[in-house]
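Okay, structure first, notes after.
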DNA sequence: CAGTATCCCGTCCGATACTG
DNA sequence: CAGTATCGGACGGGATACTG
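Protein chains in written order, with our numbering: chain A, 61 to 192; chain B, 61 to 192.
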């Protein structure tokens, strides 16, 4: 496949396909939940403990969206106290590879991006360089 | 690298590295702009024509953020009428590969995800199935 | 234990109008 | 041509309080 044909996977149909997954993993907690569930079936509280900073509200929301996407299963056990297990589906597991690819890119290029922010912001704060 | 070690690229430091790039490509027009600039240096108007639906405002914003990240260069030519050329930097070009990887995943799994939405929403609209 | 409900703020995004 | 200014709606996300 040529380079142009590859970018068509992004541009094709106005990028509708890639948008739908970006609308999901663009959310703050999604990838953290998926990566954490890579360790196997897990309960709500255990997930919350393993993901520092996530609130009950946001963990619930994130899990519901992933369940709706068919990337995570939610299993309620009829017990007292209630026990709910979350687990990646087969499809959910396939998401990890491309996510890791992106994470590798991020880890490699973030330092440069942050340096770029610094210099860009410094330039923006200055009056534009003028001749004379 | 083990599967666990790979997901650490996502979970490491609370996912700060991957968040910064997701905060960029999570935005609606970013990847479309990057993929379009893969064709080479381009003017503002040409970009706008090649990206259906983007407004002047959003194209400007997107390009500024990409410039700040050091993924795109902005070159103003001192002419009348003004001519401004945008081009991917070396770093910007390296983003295309992981983006394509994600797009491939999206194209492959979107049909299943949309079917999942349909059945999930149908279930949610129904009263929960009860024994008896 | 595993959620819901409510409030509130910031940002994304679109639409529209104006300019060096 | 390549922007900027302003307005308004929608949504993500944090904090807090309540519940089967």
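Virtual Cβ for every residue (Gly too), placed ideally from N, Cα, C.
(request) Go ahead and pull the three-state DSSP assignment for residue 97 of chain A. (result) helix
(request) For chain A, find out if any of its Cβ atoms is closer than 8 Å to the Cβ of residue 104 of chain B; answer yes or no. (result) So no, residue 104 of chain B is outside the interface.
(message) Can you tell me whether residue 135 of chain A is helix, strand or coil according to DSSP?
(response) strand
(message) DSSP three-state label for residue 144 of chain B, please.
(response) strand
(request) Just the chain B side, please: which residues come within less than 7 Å of residue 100 of chain A by C-beta, in chain order? (result) By Cβ distance, chain B contributes nothing, its closest Cβ being about 11 Å from residue 100 of chain A, past 7 Å.
(request) Mind checking the stretch 65-85 of chain A against chain B and listing, in chain order, the residues whose C-beta falls within less than 9 Å of any C-beta there? (result) 66, 67, 68, 69, 70, 71, 72, 74, 75, 76, 77, 78, 79, 80, 81, 82, 83, 84, 85
(message) Just to check my reading of the structure: residue 154 of chain B and residue 130 of chain B have Cβ atoms closer than 8 Å, yes? What is that Cβ distance to the nearest angstrom?
(response) Cβ-Cβ separation between residue 154 of chain B and residue 130 of chain B: approximately 11 Å, too far for a contact (criterion under 8 Å).
(request) Please state whether DSSP places residue 173 of chain B in a helix, a strand or coil. (result) helix
(request) Within the same chain, show all residues whose beta-carbon is closer than 8 Å to that of residue 98 of chain A, passing over the 5 residues directly before and after it, in chain order. (result) 148, 153, 156
(message) Check this for me: beta carbons of residue 90 of chain B and residue 126 of chain B, under 8 Å apart or not?
(response) Yes, these two residues count as a Cβ contact at 8 Å.
(request) Sort A/72, A/172, A/179, A/173 by Cα distance to residue 110 of chain B and report the nearest one. (result) A/72
(request) Kindly give me the distance between the Cβ atoms of residue 145 of chain A and residue 103 of chain A, rounded to whole angstroms, as I take these residues to be in contact under 8 Å. (result) The distance from the Cβ of residue 145 of chain A to that of residue 103 of chain A is about 6 Å, consistent with a contact at the 8 Å cut-off.
(request) Tell me, please, whether the stretch 172-189 of chain A touches the stretch 176-186 of chain B by the rule of three or more beta-carbon pairs shorter than 8 Å. (result) Judged by Cβ distances under 8 Å, the stretch 172-189 of chain A makes no contact with the stretch 176-186 of chain B, as fewer than three pairs qualify.
(request) Return yes when the Cβ of residue 172 of chain B is within less than 8 Å of the Cβ of residue 113 of chain A, no when it is not. (result) Against a cut-off of 8 Å, the Cβ pair of residue 172 of chain B and residue 113 of chain A comes out as no contact.
(request) Run down chain A in chain order and give the residues with a C-beta less than 7 Å from the C-beta of residue 163 of chain B. (result) 69, 70, 77, 78
(request) Would you identify the three-state DSSP class for residue 102 of chain A, choosing helix, strand or coil? (result) strand
(request) Decide if residue 143 of chain A is buried, meaning its Cβ has at least 16 other Cβ atoms within 10 Å, or exposed. (result) exposed
(message) Tell me the rounded alpha-carbon separation between residue 132 of chain A and residue 135 of chain B.
(response) 46 Å
(request) Would you mind working out which of B/69, B/93, B/137 sits nearest residue 20 of chain B, comparing C-alpha positions? (result) Absent from the structure is residue 20 of chain B, since the part of chain B shown begins at 61 and ends at 192.
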